[in-house]
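Engineer: From first to last, the protein sequence lines stand for chains A and B. First residue of the first sequence: 3, per our numbering; consecutive thereafter. First residue of the second sequence: 161, per our numbering; consecutive thereafter. Glycine included, each C-beta is placed from N, C-alpha and C at the ideal position. A quick note: this is a predicted structure, and the numbers were derived from the prediction, not measured.
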Amino acid sequence: MKSWHVLNRLAQMVIVMWIVSTLVFFIFRVLPGDEVSGLLGVDGADESVRSALEHKLGLDRSLIVQYGQWIAAIAHGNLGTSPQYGDATVTSVLAPAIGHSAELAILGLLLGVLISVPLGISAGARVGTRVDHLARALSVSGFSIPSFWLGILLLLLFTSVMHWFPSGGYADFEASPVEHLRHLALPVLTVGIMTAGSLTRFMRSSMVGVLAEDYIRTARAKGIAPWLVNYRHALRNSSLPFITVVGLELGQLLGGMIVIEQVFAWPGLGQLTIKALEARAYTVVQGSVLVAAAAVVLANLAVDLTYSVLDPRLRRG
Amino acid sequence: MTRTPAAEPKRARLRMALCGLVILGSIAACSDPSEGNGESQSDRPRSGGTLTIATPEDAKTLNPFQWSTKEELIRINQLYSSLTRFDPKTGDIVADLATTWNLSPDGLTLSMRLRPGVKFADGKALKAEDVVYSLTTAAGTLSTKTAPLLTSLSSVDVAGDDGVSIHLKARTRSILGDLAQIFIVPAGFTDYNTHPIGTGPFQFESWQHNQSLTLTKNPNYWATGKPYLDRVVFTVVPDPSTRVLQLINGEVQMIAPTAPFAQVQQLKSAGLNLALPNQVGGYYDVRINTRIQPWDNKSVRQALSYAIDRQAIEDSLLGTAIVSSNPIPETSTLFDKSAASYNQQDIAKAKSLLKAAGYPNGVEANMIALCSAGLDYKNVAQVIATSAKDAGFDISLQCVETTAFTEMLGERNFTLGSAGGATTPDPLNSVFKAWFDQNADAIGWLPNHPEVRDLYTRAIAATSDSEFEKLVFQIQQIEQDEQNRIYVGGKLSGPALQKYVRGFVAESYHQTFLDSVWLAK
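Next comes the structure, spelled out in structure tokens:
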């Protein structure tokens with residue numbers, strides 16, 4: 003892919019992020035409840051306290067002024083601070099959460115790919131057989147089952163019954179890599195099963211289409227082993243649409259696996275965003291939305307770049 | 161005597177019996193000698209161990225003057241101490257950082273002597289200047305939590321090496337209870353969220369936002385031998401089912417501030433303890449905007465109160481609430497038995513009140529409910545809406561978040577608001593929170609009745625218990641009749657914990673003190 007094309011996509015990314023963040027900025031301020039109410043809690047406070055807090059947070063200025071100040075700060079890479087998080091910088095609040103979500107999303111998706119590729123290929127190569135029916139049943143189950151239900155089921159099975167894993171939470175990798183992995187296992191398994199459900203279907207459909215091509219028939223006629231035909235000749239071409247879906251899934255996962263993070267008490271971006279939204283922590287939510295938008299756009303860019311690697315026609319074009 | 165073959169088995173059994181007796185005797189000899197005194201080893205506190213507590217949310221701040229949630233208070237309680245505190249068992253005011261105090265005859269100066277030898281977690285000695293700084297900061301406008309408690313504070317001075325003089329604008333009976341909610345920090349200190357320093361039983365070690373807050377034993381804590389625990393870790397586990405699972409599986413030792421009521425039976429079945437406070441420490445209520453029709457009509461408000469099935473509310477909350485229509489607990493000496501009671505649902509009376517008020521066909525209303533505060537709040541709101549239907553109230557429920565609820569009340573943009581609150585054991589606090597706090601402006605009734613506020617002002621400044629009681633009774637008579645704020649139940653909830661967690665006493669105001677907690681395992 004030519005470098006100007008990459009730069010073009012990055013420029014588009016900036017525009018998309020600006021549009022999304024502007025929408026969030028104004029929509030958020032139209033919602034009932036504000037940052038001061040979030041700080042005061044349900045007991046509220048009298049007018050003088052409320053006014054003093056609004057002044058301290060700059061909320062007594064006009065919306066346009068607030069927006070202008072925020073955009074100017076963003077342009078300098080400053081996402082602001084959050085009084086709901088002890089006046090910590092938004093970057094320091096978001097960074098760990100982003101890392102935790104990215105870890106869960108990438109590993110979960112990787113597991114999903116590892117499950118869906120062989121399953122999809124087997125089903126696509128054996129259409130109408132028991133293998134195909136089983137793969138499709140598993141696939142439908144995977145994306146039909148609600149994530150919270152699956153998560154709780156896995157928790158009950160692997161913690162209460164089998165006592166293999168802890169019941170949610172997070173352990174620092176540096177403190178104990180083994181404990182970290184044990185805490186990661188069930189949420190990754192949940193994400194993996196869910197994504198495998200939809201990815202298997204795509205892989206299967208793609209394989210069915212590719213396996214009907216003439217060059218595949220030629221390969222078989224030449225006596226090439228079936229597994230080579232499937233994995234070497236068919237997979238490459240059938241992976242193009244598959245990669246698109248993987249890229250979209252990754253973007254969505256990075257944006258927030260709210261339910262899974264909630265069930266497993268995984269301190270990721272989704273959970274943080276929900277809590278920040280409830281507390282009307284404006285700066286944190288705005289920062290989080292920016293990150294999510296960037297994740298989706300970057301994921302799509304990565305997909306495009308991968309396309310050009312896999313498809314020589316795109317490199318020449 | 162000759163030994164016969166037949167006698168051998170008999171001697172073998174005798175030898176075995178003798179051996180058994182010796183073994184049993186040895187076991188008895190090795191047992192705890194104190195067992196003879198009625199004590200067992202497991203009753204005596206043991207030092208050491210880590211207590212892990214799962215909470216639904218993280219604290220957003222550890223600023224002891226600006227906290228706003230129970231989750232924040234439970235963490236702050238471990239880091240800081242106050243001049244006074246409430247005895248967890250009796251609710252009486254007892255000494256903490258102040259050992260003695262004396263109120264001047266005019267009630268305007270409270271002289272307090274500080275406990276000698278107290279140090280902050282960083283080893284610096286507690287001085288009177290620290291108390292002056294803390295109280296002055298607590299009374300500042302931006303101290304959103306503590307400023308309303310100190311509206312009567314005029315000034316604070318150092319009085320000698322180990323004392324302070326607290327000057328009040330007017331006599332106030334609640335000052336000692338108010339001081340129990342003001343935490344003491346070092347003079348000039350502001351670093352509450354990165355390295356908090358207090359005189360509490362635990363000191364700050366680390367805080368991973370949205371994950372965990374770790375506290376370690378404060379070696380400079382003034383109570384010798386305490387705390388027993390080496391470490392306390394607060395984890396963040398938003399999902400109630402996961403919290404309960406972690407407790408059942410033994411991964412955490414406590415879930416706080418309260419056990420999810422929907423899983424109370426599950427916890428009991430799993431053999432876990434539910435630590436309930438000795439007294440009701442909170443309430444569920446309906447706030448009414450009396451500025452709009454028909455809610456400016458007392459009969460309509462009374463009708464709604466009679467229509468609500470409070471027994472159904474108690475039943476729906478599975479033992480974590482009690483039937484109550486008066487915010488003053490029935491066990492309190494301030495409870496006026498002759499004040500109007502609405503504990504028993506009375507649909508016929510509700511209907512006749514509505515008819516007399518000119519609404520024979522009933523009333524429609526929108527009620528905002530604080531559902532995000534917990535499933536119990538949602539349950540209460542649903543029971544209210546359902547049970548009031550029989551009397552002709554058509555209440556549409558709108559679940560809102562805490563911030564939206566606060567704003568809507570503040571802007572008077574509501575008709576009915578279902579929420580709740582917590583009170584300290586101080587009787588005056590119950591009265592204040594019930595009818596005279598910030599919500600009174602939202603409700604709109606009190607500003608039009610200055611005579612009732614005058615009763616409260618006189619009650620605060622009452623010089624004798626009998627005068628205080630008389631005034632509170634008068635307030636109750638009026639407010640229970642007016643029903644501008646309808647009380648639908650008393651809260652009786654607390655943490656759930658493992659059986660081997662000992663020494664924990666649940667307190668009514670979600671104040672959770674862990675200095676006397678120890679692990680029997």
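Beta carbon of Val665/B, beta carbon of Pro387/B: below 7 Å?
Structural biologist: Taking 7 Å as the Cβ cut-off, Val665/B and Pro387/B do not qualify as a contacting pair.
Engineer: Is Glu168/B helix, strand or coil when you go by DSSP?
Structural biologist: Confidence is the limiting factor: at Glu168/B the pLDDT is only 49, short of 50, which leaves the residue's position unreliable and the question unanswerable from this model.
Engineer: By the 7 Å beta-carbon criterion, what residues does the stretch 127-160 of chain A contribute toward chain B?
Structural biologist: Here the close residues are Ile154 and Leu157.
Engineer: So, for Leu25/A: in the same chain, excluding its five sequence neighbours on each side, which residues have a beta-carbon less than 6 Å away from its beta-carbon?
Structural biologist: Hits under 6 Å: none found.
Engineer: Quick one: using the 10 Å Cβ neighbour count with 16 as the cut-off for buried, is Tyr217/A buried or exposed?
Structural biologist: Exposed is the call here.
Engineer: What would DSSP say about Asn10/A, mapped onto helix, strand or coil?
Structural biologist: The answer is helix: DSSP assigns Asn10/A an H, G or I state.
Engineer: Can you tell which of Leu478/B, Gln637/B, Gly431/B and Asn521/B has the C-alpha that lies nearest to the C-alpha of Tyr502/B?
Structural biologist: Measuring from the Cα of Tyr502/B, the nearest candidate turns out to be Gln637/B.
Engineer: Less than 7 Å between the C-beta atoms of Thr91/A and Leu152/A, yes or no?
Structural biologist: Not closer than 7 Å, so no.
Engineer: Work out the CA separation of His235/A and Thr220/A for me, nearest whole Å.
Structural biologist: Taking the straight line joining both Cα atoms gives about 11 Å.
Engineer: Can you check whether the C-beta of Val44/A is within less than 7 Å of a C-beta belonging to chain B?
Structural biologist: Yes, its Cβ sits closer than 7 Å to a Cβ of chain B.
Engineer: Exposed or buried, Leu116/A, counting other C-beta atoms within 10 Å across all chains shown (16 or more means buried)?
Structural biologist: Exposed.
Engineer: Flag Gly82/A as yes if its beta-carbon sits less than 7 Å from any beta-carbon of chain B, otherwise no.
Structural biologist: With 7 Å as the cut-off, Gly82/A does not count as an interface residue toward chain B.
Engineer: Determine the contact status of Ala281/A and Gly40/A, defining contact as a CB-CB distance below 7 Å.
Structural biologist: Yes, these two residues count as a Cβ contact at 7 Å.
Engineer: Alpha carbon to alpha carbon, what distance is there between Leu96/A and Gln264/A?
Structural biologist: Cα-Cα distance, rounded: 17 Å.
Engineer: Does Arg282/A have its Cβ less than 7 Å from a Cβ in chain B?
Structural biologist: Interface residue, yes.
Engineer: With 7 Å as the C-beta to C-beta threshold (strictly closer), list the residues of the stretch 271-296 of chain B near chain A in chain order.
Structural biologist: If the cut-off is 7 Å between Cβ atoms, the stretch 271-296 of chain B has nothing near chain A.
Engineer: What would DSSP say about His57/A, mapped onto helix, strand or coil?
Structural biologist: His57/A: helix per DSSP, three-state reduction.
Engineer: So, does the CB of Glu571/B fall closer than 7 Å to a CB anywhere in chain A?
Structural biologist: So no, Glu571/B is outside the interface.
Engineer: So for Gln368/B, helix, strand or coil by DSSP?
Structural biologist: Residue state, collapsed to three classes: strand.
Engineer: For Ile123/A versus Met15/A, is the C-beta distance shorter than 7 Å?
Structural biologist: In this structure, Met15/A does not lie closer than 7 Å to Ile123/A by Cβ.
Engineer: Would you mind working out which of Ile555/B, Asp536/B, Ala219/B and Tyr669/B sits nearest Ala422/B, comparing C-alpha positions?
Structural biologist: Taking only the C-alpha atoms, the option nearest Ala422/B is Asp536/B.
Engineer: Mapping DSSP to helix, strand and coil, what is Trp261/B?
Structural biologist: Three-state DSSP puts Trp261/B in a strand.
Engineer: Pick helix, strand or coil for Glu524/B, following the three-state DSSP scheme.
Structural biologist: In the structure shown, Glu524/B sits in a strand (DSSP, three-state: E or B).
Engineer: Apart from the five residues on each side of it in sequence, which residues of its chain come closer than 6 Å, Cβ to Cβ, to Tyr87/A?
Structural biologist: So the qualifying residues of the chain are Val95.
Engineer: If you draw a straight line from the alpha carbon of Cys190/B to that of Val412/B, how long is it in whole angstroms?
Structural biologist: Here the model assigns Cys190/B a pLDDT of 42, short of 50, so the residue's position is not dependable, and the following value carries that caveat. Their backbone Cα atoms lie some 33 Å apart in a straight line.
Engineer: Are Phe574/B and Asn449/B touching if we call contact CB-CB under 7 Å?
Structural biologist: Yes, these two residues count as a Cβ contact at 7 Å.
Engineer: His355/B touches chain A at which residues, Cβ-Cβ below 8 Å?
Structural biologist: Residues of chain A passing the Cβ test: none, with the nearest at roughly 11 Å.
Engineer: Short check: CB of Ser241/B to CB of Thr359/B, under 7 Å?
Structural biologist: Their beta carbons are under 7 Å apart, which means Ser241/B touches Thr359/B by this criterion.
Engineer: When you compare the CB of Asn370/B with every CB in chain A, is at least one pair closer than 7 Å?
Structural biologist: So, interface residue.
Engineer: Strictly under 7 Å for the Cβ-Cβ distance: is Ala1/A near chain B by that measure?
Structural biologist: Absent from the model: residue 1/A. The displayed extent of chain A is 3 to 319, so no value can be given.
Engineer: Can you grab the Cα-Cα spacing for the pair Phe266/A / Gln371/B, in whole Å?
Structural biologist: When rounded, the distance between both Cα atoms is 12 Å.
Engineer: Does the CB of Pro228/A have a neighbour CB from chain B at under 7 Å?
Structural biologist: No, Pro228/A lies away from the interface with chain B (no Cβ there is under 7 Å from its Cβ).
Engineer: Assign Ser2/A to one of three DSSP states: helix, strand, or coil.
Structural biologist: Absent from the model: residue 2/A. The displayed extent of chain A is 3 to 319, so no value can be given.
Engineer: Determine the contact status of Thr562/B and Val51/A, defining contact as a CB-CB distance below 7 Å.
Structural biologist: No, the pair does not count as a contact, with Cβ atoms beyond the cut-off.
Engineer: Quick one: does Ser178/A have its CB under 7 Å from some CB of chain B?
Structural biologist: It does not; no Cβ of chain B falls within 7 Å.
Engineer: Fully enclosed by the stretch 138-224 of chain A, which alpha helix (DSSP H) runs are 4 residues long or longer?
Structural biologist: Runs of the alpha helix (DSSP H) inside the stretch 138-224 of chain A: 149-157, 179-213 and 216-223.
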